[in-house]
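The next block holds one structure in the form of structure tokens; read it before the comments.
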Amino acid sequence: MKEFETIVGLEVHVELKTESKIFCSCPTKFGGAPNAHICEVCAGLPGALPRLNRKVLDYAVMTSLALNCEVTRQSRFDRKNYFYPDLPKGYQISQLYAPIGRNGFMDIDVSGNPKRIRIHELHMEDDAGKLIHDEAENCTKIDFSRCGVPLLEIVTEPDFRSSEEVVSFLEALRTMLKFIGVSDCKMQEGSLRADVNLSVRKIGDEILGTRTEMKNLSSFRAVAKAIEYESSRQWEIVRSGGTIDRETRRWDEETEASFSMRKKEDAAEYKYFPEPDLPVLHIGDEKIDELRSVLPELPAEKKRRYIEELKLPEYDAGILTANKEIAVLFERTMTICGDPKEASNWIMVDLMKLLNDTGTLPEELTIRPDSLGEIIVMVKEGKVSRASGKEILKAAFTEGSIPSEYADQNDLWLISDENVLGEVIDKVLEENVKARDEYFAGKTKNFQFLLGQAMRMTKGKADPTALRKVLEERLTHKDP
Numbered sequence: 005m006k007e008f009e010t011i012v013g014l015e016v017h018v019e020l021k022t023e024s025k026i027f028c029s030c031p032t033k034f035g036g037a038p039n040a041h042i043c044e045v046c047a048g049l050p051g052a053l054p055r056l057n058r059k060v061l062d063y064a065v066m067t068s069l070a071l072n073c074e075v076t077r078q079s080r081f082d083r084k085n086y087f088y089p090d091l092p093k094g095y096q097i098s099q100l101y102a103p104i105g106r107n108g109f110m111d112i113d114v115s116g117n118p119k120r121i122r123i124h125e126l127h128m129e130d131d132a133g134k135l136i137h138d139e140a141e142n143c144t145k146i147d148f149s150r151c152g153v154p155l156l157e158i159v160t161e162p163d164f165r166s167s168e169e170v171v172s173f174l175e176a177l178r179t180m181l182k183f184i185g186v187s188d189c190k191m192q193e194g195s196l197r198a199d200v201n202l203s204v205r206k207i208g209d210e211i212l213g214t215r216t217e218m219k220n221l222s223s224f225r226a227v228a229k230a231i232e233y234e235s236s237r238q239w240e241i242v243r244s245g246g247t248i249d250r251e252t253r254r255w256d257e258e259t260e261a262s263f264s265m266r267k268k269e270d271a272a273e274y275k276y277f278p279e280p281d282l283p284v285l286h287i288g289d290e291k292i293d294e295l296r297s298v299l300p301e302l303p304a305e306k307k308r309r310y311i312e313e314l315k316l317p318e319y320d321a322g323i324l325t326a327n328k329e330i331a332v333l334f335e336r337t338m339t340i341c342g343d344p345k346e347a348s349n350w351i352m353v354d355l356m357k358l359l360n361d362t363g364t365l366p367e368e369l370t371i372r373p374d375s376l377g378e379i380i381v382m383v384k385e386g387k388v389s390r391a392s393g394k395e396i397l398k399a400a401f402t403e404g405s406i407p408s409e410y411a412d413q414n415d416l417w418l419i420s421d422e423n424v425l426g427e428v429i430d431k432v433l434e435e436n437v438k439a440r441d442e443y444f445a446g447k448t449k450n451f452q453f454l455l456g457q458a459m460r461m462t463k464g465k466a467d468p469t470a471l472r473k474v475l476e477e478r479l480t481h482k483d484p
């Protein structure tokens, strides 16, 4: 029996998908030469004045609504003062006293069990720069291009009890953020990063233990491994009578261990005070209603609709709503072919295989939105075989081929003309007299043999239904 439980709270940093930074017009484009995207505002030069990017505020309110938060009607910015090489201003513009969103929640599914995760707050802030440790030159370089990139920080309550719950939440959060279009959530580019606050306590205790923080975990695997390692590390210290230090720890993915970086700062050490260069934000009901109206159907709502209205199995609905791109493709495909289950089957079996085989992410899909629906219609109407449909899908997936044009170019259309098929059947019966006569004598299983010979003669291009019909007609009398 387990002796202890793990208590986890998250601080999730989400980079917003805006073209310019939060307080200036510098581009937010990822990559490029070091220090290429900076100006006097994000570089913190004396006399430079910030101006809030309105799109950042809109995205912050939309995310607050999607997370069931109370939107703060009079929100403001604060200066979070601390000194670090990648922070040229000597402070970060954040929100301590009046964050944009408070008291929200997100419902998640953990191995079939529902759980509600409370959201303590959501606030806007600007990002810092990036330190680059150059071992070859034995120095540390600074790239300020990321300074001023707009962030949302989503702070949860300490509601998690396992790494599985944390990963389930982060997956659901990433999906939701992509659905509403506020972030691309590319963890490999730092668009979604998580700080893990973790403590342990003996099962049955009410008082929380001393927590540590592991910062900037940028993959779900790293999050899970870090939580499992740090839980075990802390419990071994506690059970042996030791004391946990409140500190910031670094997670090393190569050694899969955490290492102490510094003793944990608190709010007093950061020295917050109101940002004097930015006015208070007054957010009225009209603005909130406007942004609520543009929110798309959220993943949980979409999944519920697929189950209740489209009668899809829960598993299918979960897969189809796990990625925005897949959900969009499914709905377009379903509209064209008129068959939700068939659209789901093609996506979950054939399309997913292509994604896995090629290492393609759903957001990298380049297939025409209408192609899969057109292929399904072609198969359902007997114009191409199921095997040819799969071939056409592969061409549409890898080359962007248009289904009908590919079928023309590769002679994949099924033969359904009964006159043409009649000629084929006549030839088969002439070449297989013994099988034909045995059929007339009562050996009815020869029907399948003759059908197979006809299909072989057409090289598999005959419409099976039409071919069977013609053969049955020919075999109703003894003089074909």
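The sequence shown finishes on residue 484 if you use my numbering, and the numbering steps up by one all the way, no holes.
Cβ coordinates follow ideal geometry from the N, Cα and C atoms, glycine included.
Start-to-end residues for the beta strand (DSSP E) that takes in residue i
| i | result |
| --- | --- |
| residue 456 | Unbroken run through residue 456 is the alpha helix (DSSP H), 450-461; no beta strand (DSSP E). |
| residue 118 | 117-130 |
| residue 255 | 251-256 |
| residue 398 | Not the beta strand (DSSP E): residue 398 falls in the alpha helix (DSSP H), residues 390-403. |
| residue 413 | From DSSP, residue 413 is part of no beta strand (DSSP E) but of the alpha helix (DSSP H) over 407-413. |
| residue 109 | 105-114 |
| residue 154 | 154-160 |
| residue 552 | Nothing about residue 552 can be read from this structure; the chain reaches only from 5 to 484. |
| residue 196 | 196-206 |
| residue 261 | 261-267 |
| residue 429 | Careful: residue 429 lies outside any beta strand (DSSP E), inside the alpha helix (DSSP H) at 422-435. |
| residue 10 | 8-19 |
| residue 95 | 95-98 |
| residue 135 | 134-138 |
| residue 387 | No beta strand (DSSP E) contains residue 387, which DSSP labels as neither H nor E. |
| residue 46 | Where residue 46 is concerned, there is no enclosing beta strand (DSSP E), given that its DSSP letter is neither H nor E. |
Pair within 7 Å by beta-carbon distance, residue i and residue j
| i | j | result |
| --- | --- | --- |
| residue 161 | residue 124 | yes |
| residue 285 | residue 29 | no |
| residue 328 | residue 183 | yes |
| residue 18 | residue 212 | no |
| residue 149 | residue 39 | yes |
| residue 337 | residue 377 | yes |
| residue 419 | residue 458 | no |
| residue 350 | residue 8 | no |
| residue 425 | residue 470 | yes |
| residue 572 | residue 153 | Look at the range of the chain in this structure, 5 to 484, and you will see that residue 572 is not part of it. |
| residue 407 | residue 375 | yes |
| residue 99 | residue 127 | yes |
| residue 133 | residue 147 | yes |
| residue 411 | residue 381 | no |
Exposure label - residue i; buried when at least 16 CB within 10 Å
| i | result |
| --- | --- |
| residue 271 | Caution is warranted here: a pLDDT of 48 is assigned to residue 271, below 50, making its placement in the model unreliable, and the coordinate value is therefore given only provisionally. Answer is exposed; the Cβ neighbour count stays below 16. |
| residue 402 | exposed |
| residue 423 | exposed |
| residue 180 | buried |
| residue 450 | buried |
| residue 230 | buried |
| residue 27 | buried |
| residue 93 | buried |
| residue 96 | buried |
| residue 431 | exposed |
| residue 307 | buried |
| residue 488 | The question about residue 488 has no answer, for the chain in this structure spans 5 to 484. |
| residue 444 | exposed |
| residue 360 | exposed |
Spatially closest choice to residue i from the options, by CA coordinates
| i | options | result |
| --- | --- | --- |
| residue 448 | 86, 459, 480, 381 | 480 |
| residue 246 | 266, 277, 214 | 214 |
| residue 295 | 10, 61, 27 | 61 |
| residue 222 | 412, 15, 418 | 15 |
| residue 122 | 107, 168, 297, 86 | 107 |
| residue 281 | 396, 267, 45, 6 | 45 |
| residue 85 | 129, 59, 43, 333 | 129 |
| residue 13 | 118, 20, 169 | 169 |
| residue 473 | 455, 463, 461, 464 | 455 |
Extent of the continuous alpha helix (DSSP H) run through residue i
| i | result |
| --- | --- |
| residue 231 | 224-243 |
| residue 183 | 167-184 |
| residue 377 | 375-384 |
| residue 219 | Counting along the chain, residue 219 falls outside any alpha helix (DSSP H), though it belongs to the beta strand (DSSP E) covering 216-221. |
| residue 68 | 58-70 |
| residue 475 | 468-478 |
| residue 361 | 356-362 |
Residue i CB to nearest heavy atom of the ligand MG below 6 Å
| i | result |
| --- | --- |
| residue 20 | As far as ligands go, the structure on display features none, and thus does not contain the ligand MG. |
Min CB distance residue i to chain D below 7 Å
| i | result |
| --- | --- |
| residue 92 | In the displayed structure, chain D is absent; only one protein chain is listed. |
Legend entry - Ranges of the beta strand (DSSP E) found wholly within the stretch 276-348, counting only runs of at least 3: Listed in chain order, they are 276-278.
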